[in-house]
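Just so we're on the same page, the numbering used here is the position in the sequence shown counted from 1, plus 52. For each residue, glycine too, the CB sits at the ideal point set by N, CA and C. A quick write-up on the structure given underneath.
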Amino acid sequence: MLIRRPQPWEVSQSEVSSEAAYFTRRRWLKTGIAGGIAAALAPRLLAQDAASGEAGPGLYPARKNPAFKVGPLTDKTVAATYNNFYEFSTAKTRVHELVGGFVTDPWTIKVHGLVKKPLTLDLDDLLKKVQLEERIYRFRCVEAWAMVVPWTGFPLADLVKMVEPTNRAKYLRFVTFNRPKQAPGFKLYPYYEWPYHEGLTLAEATNPLTLLATGIYGAPMPKQHGAPIRLVTPWKYGYKSIKSVVEIEFVAEQPKTFWNSAAPDEYGFYSNVDPAVPHPRWSQAEERMIGTEDENGLPKMRKTEAYNGYAAQVAGLYKGLKDIK
Ligand SMILES: Nc1nc2c(c(=O)[nH]1)N[C@H]1C(S)=C(S)[C@@H](COP(=O)(O)O)O[C@H]1N2
Ligand SMILES: [Mo]
Numbered sequence: 053m054l055i056r057r058p059q060p061w062e063v064s065q066s067e068v069s070s071e072a073a074y075f076t077r078r079r080w081l082k083t084g085i086a087g088g089i090a091a092a093l094a095p096r097l098l099a100q101d102a103a104s105g106e107a108g109p110g111l112y113p114a115r116k117n118p119a120f121k122v123g124p125l126t127d128k129t130v131a132a133t134y135n136n137f138y139e140f141s142t143a144k145t146r147v148h149e150l151v152g153g154f155v156t157d158p159w160t161i162k163v164h165g166l167v168k169k170p171l172t173l174d175l176d177d178l179l180k181k182v183q184l185e186e187r188i189y190r191f192r193c194v195e196a197w198a199m200v201v202p203w204t205g206f207p208l209a210d211l212v213k214m215v216e217p218t219n220r221a222k223y224l225r226f227v228t229f230n231r232p233k234q235a236p237g238f239k240l241y242p243y244y245e246w247p248y249h250e251g252l253t254l255a256e257a258t259n260p261l262t263l264l265a266t267g268i269y270g271a272p273m274p275k276q277h278g279a280p281i282r283l284v285t286p287w288k289y290g291y292k293s294i295k296s297v298v299e300i301e302f303v304a305e306q307p308k309t310f311w312n313s314a315a316p317d318e319y320g321f322y323s324n325v326d327p328a329v330p331h332p333r334w335s336q337a338e339e340r341m342i343g344t345e346d347e348n349g350l351p352k353m354r355k356t357e358a359y360n361g362y363a364a365q366v367a368g369l370y371k372g373l374k375d376i377k
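Here it is in structure tokens:
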């Protein structure tokens, strides 16, 4: 019998199973929620086709922007069946089975706060005001898995321009939907500060790399990837790329973020990819490319790059800032 020796990354992989591991364990002890109760509460949502449905005619596939091209691409099905989306489940391979009841059309997005021209509009109307394009980006989760995917979207900077921030606006605060009836995670994991929320500085938000994505692999965004509109900041750990955004608020102070509140010693506000700064529980020096497992189940590993390979575009944003996390 062939006994496969566990590789170093496999050992760490059990540790790296979830951003939440440490926090959840701690909370578990505090609240005394039993696993059985949690399991019994889980709604039995049927597995359904997770695609988000109709494409706006002619929007997909969008023009490819040749300036953003890396490879090799991650397999589309691999990417669509390995997701972090805690509103549905902390089990990455199950999220796609649980999104059937999530209503993503119609979808309203509210953009407000310290701006001269606030907007509340239907996504279809927003898409009439912007130009979609396709960009292939690296994507790096803080759990040390990574992928390369073609997003369809538009620069967040274009939306920022439309609403005309006042000079008091220094940060953007992003918020996801809050619908316990459509997603089991809200009730299963009550110790998180729902709805999921994130933030960027105004300079980060207007960096040309920052996308609002409405599609992936040349088609509308599947629900498990954050339909119908999500943020993509490819030089930051994946949790900054908030899914299914309903609100963007321009604010003067650094906003709170979901993962920083959950485990402040582990997740900061900036969260730029950095191979030299280990997570308190694992190394960030290497990354595991999902979907590359060989016949022995061993994935391709690669060296993590500073700013996930986007240093030329974004390192300047952080010049002179000290000890940012
Ligand atoms: N609303 C919301 N957005 C989210 C998350 C989440 O749980 N809820 N998870 C984040 C994390 S940790 C990662 S790695 C990416 C995963 O994106 P993907 O499933 O499309 O690969 O989404 C991010 N955006
Ligand atoms: Mo992540």
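- Task: Taking residue 214 as part of the alpha helix (DSSP H), name the residues at either end of that continuous run.
- Result: According to the DSSP assignment, residue 214 belongs to the alpha helix (DSSP H) that extends over 208–215.
Count Cβ pairs between the segment 203–220 and the segment 254–269 that sit closer than 8 Å; are there 3 or more?
Contact holds: three or more Cβ-Cβ distances are below 8 Å.
With DSSP as the reference, identify every bridge partner of residue 353, one or two as the case may be.
Residue 353 is bridged to 340.
In the structure shown, what three-state DSSP assignment does residue 363 receive? Note: residue 363 maps to helix in three-state DSSP.
>> So for residue 290, helix, strand or coil by DSSP?
In response: For residue 290, the secondary structure class from DSSP, reduced to helix, strand or coil, is helix.
- Which term fits residue 347, buried or exposed, when burial requires 16 or more other beta carbons within 10 angstroms of its beta carbon? The residue is exposed, with fewer than 16 neighbouring Cβ atoms inside 10 Å.
(request) Answer yes or no: the CB of residue 131 versus the heavy atoms of ligand 1, is any distance below 7 Å? (result) Result yes, Cβ under 7 Å from ligand 1.
- prompt: Does any heavy atom of ligand 2 sit closer than 7 Å to the C-beta of residue 205?
  reply: No.
- [ ] Please say whether residue 218 and residue 298 have beta carbons closer to each other than 8 Å?
- [x] Result no, Cβ atoms of residue 298 and residue 218 do not sit closer than 8 Å.
Other residues of its chain near residue 252: CB distance less than 6 Å, five sequence neighbours each side excluded: The answer, listed in chain order, is 224.
Could you say which of 341, 153, 194 lies nearest to residue 334 if we only look at CA atoms?
Out of 341, 153, 194, 194 has the C-alpha closest to the C-alpha of residue 334.
> Would you call the CB atoms of residue 199 and residue 169 closer than 8 Å?
Replying inline: Going by C-beta atoms, residue 199 is not nearer than 8 Å to residue 169.
### From 341, 162, 179, 184, residue whose alpha carbon lies closest to that of residue 228
It is 162.
| Can you tell me whether DSSP reads residue 92 as helix, strand or coil? | Unreliable positioning characterises residue 92 in this predicted model, as indicated by a pLDDT of 40, which lies under 50. The coordinate reading is nonetheless provided below. If DSSP states are grouped into helix, strand and coil, residue 92 belongs with the helices.
Please go through the same chain and pick out, in chain order, the residues whose beta-carbon is closer than 6 Å to the beta-carbon of residue 114, but skip the five residues on each side of it. Excluding sequence neighbours, residue 114 sits near 184, 185, 186, 204.
Cβ-based neighbour list, residue 98, same chain, cut-off 7 Å, excluding 5 preceding and 5 following
Reliability fails at residue 98, whose pLDDT of 28 lies under 50, so the model's placement of it is uncertain and no value is given.
Close beta carbons around residue 235, own chain, < 7 Å, minus the five adjacent residues each side: Excluding sequence neighbours, residue 235 sits near 139, 140, 154.
### Task
Pick out whichever of 137, 353, 201 has its Cα sitting closest to the Cα of residue 131.
Measuring from the Cα of residue 131, the nearest candidate turns out to be 201.
Given a cut-off of 8 Å, decide if residue 272 and residue 189 are closer than it, judged by their beta-carbon atoms.
No, these two residues do not count as a Cβ contact at 8 Å.
In whole angstroms, give me the CA-to-CA distance for residue 367 and residue 374.
Looking at the two C-alpha atoms, the distance is approximately 13 Å.
Problem - beta strand (DSSP E) runs wholly inside the segment 129–166, at least 3 long, in chain order - result: Restricted to the segment 129–166, the beta strand (DSSP E) segments that are unbroken, complete and at least 3 residues in length are 160–165, listed in chain order.
- Message: For a test of the three-state rule: what should DSSP assign to residue 176, helix, strand or coil?
- Response: Of the three classes helix, strand and coil, the one that applies to residue 176 here is helix, per DSSP.
### Query
Helix or strand or just coil, what does DSSP make of residue 358?
Note: residue 358 maps to helix in three-state DSSP.
(message) Rounding to the nearest angstrom, what Cα-Cα distance links residue 282 and residue 266 in this structure?
(response) Near 7 Å, if we compare the C-alpha coordinates of residue 266 and residue 282.
Run of the alpha helix (DSSP H) containing residue 237, from where it starts to where it stops: From DSSP, the alpha helix (DSSP H) with residue 237 extends over 237–240.
* When the Cα of residue 125 is compared with those of 359, 364, 311, 268, which residue comes out closest? -> Of the residues 359, 364, 311, 268, the one whose Cα lies closest to the Cα of residue 125 is 268.
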